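**Student:**
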Amino acid sequence: MTVYAALGALAAALNLAGTIPYVRDIFRRKTKPQRSMWWIYSGLFAMLFWAQADAGSGWVLAVTAEYVATALLIAILSVTHGYGGFHKRDVMSIMVAILGLVLWQLTSQPVVAIGIVIVVDFVGFWLTLVKTWHAPHSETLISWQLSAASAFLSVFAADSLRLEVLAYPAYAVLATVLIVWLIIYRRRVVADDPADF
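So for the sequence shown, the numbering used here puts the first residue at 145; every next one is plus one.
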């Protein structure tokens with residue numbers, strides 16, 4: 145087993161480990177996933193997997209495969225245990241995500257495809273940032289911390305320095321660190337989450 149394989153396996157394991165308390169807290173009704181985001185992610189991560197496979201991303205694919213499985217699980221659970229419905233921000237985000245996915249299908253360039261995936265990812269992620277700003281206790285902090293560690297390791301699991309291989313893992317580090325910071329910061333300010341917003 146190469147170092148890249150070991151780092152890829154460890155990154156996937158950390159992300160999976162973070163999913164366990166997240167799902168547990170969903171059933172305890174402590175964590176309330178943003179519905180639109182997780183449905184966007186389910187399709188997006190599947191497409192990211194194929195774009196990374198086309199780009200020859202190596203062991204980074206282990207992490208992305210795990211993203212696909214956990215995003216779909218959380219999306220399904222969000223139907224009965226999540227936040228969000230058809231607010232204007234949800235509808236707009238879904239429309240932008242669909243447009244991005246159509247553009248992704250029209251390009252045969254892996255670097256362009258992964259750039260589109262990052263933009264669409266942020267459109268979905270933005271919904272969770274907004275929700276977390278208003279309801280910081282509705283996310284499981286340890287899950288996001290493990291996800292950040294997983295993203296960091298996935299950068300080093302890449303066996304190539306090409307942009308199309310490193311772009312998404314680098315973005316994932318920034319995004320997960322941002323939400324970890326946001327949860328910690330807002331929990332100091334907001335004592336109780338609203339029922340919805």
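Here a beta-carbon is modelled for each residue, glycine too, at the ideal position from N, C-alpha and C.
The structure presented is a predicted model; accordingly, all values stated were derived computationally and were not measured.
Residue ranges of each beta strand (DSSP E) run of no fewer than 3 residues wholly in the stretch 277 to 318, ordered along the chain?
**Tutor:** none
**Student:** What's the gap between the Cα of residue 206 and the Cα of residue 323?
**Tutor:** 23 Å
**Student:** In chain order, what residues of the same chain have a beta carbon less than 8 Å from the beta carbon of residue 167, not counting five sequence neighbours either side?
**Tutor:** Here the set comprises 217, 218 and 221.
**Student:** Once the 5 residues before and after residue 190 are set aside, which same chain residues still bring their CB inside 7 Å of it?
**Tutor:** 212
**Student:** To which residues does DSSP link residue 227 through a beta bridge?
**Tutor:** 178
**Student:** Taking residue 261 and residue 312 to be in contact with their CB atoms under 8 Å, please state how far apart those CB atoms are, rounded to whole angstroms.
**Tutor:** Correct: roughly 7 Å between the Cβ atoms.
**Student:** Please confirm if the stretch 285 to 292 is in contact with the stretch 264 to 275, defined as three or more CB-CB distances below 8 Å between the two stretches.
**Tutor:** no
**Student:** Within a Cβ cutoff of 6 Å, which residues of the same chain sit near residue 240, ignoring the five residues on either side of it in sequence?
**Tutor:** These residues qualify, in order along the chain: 267.
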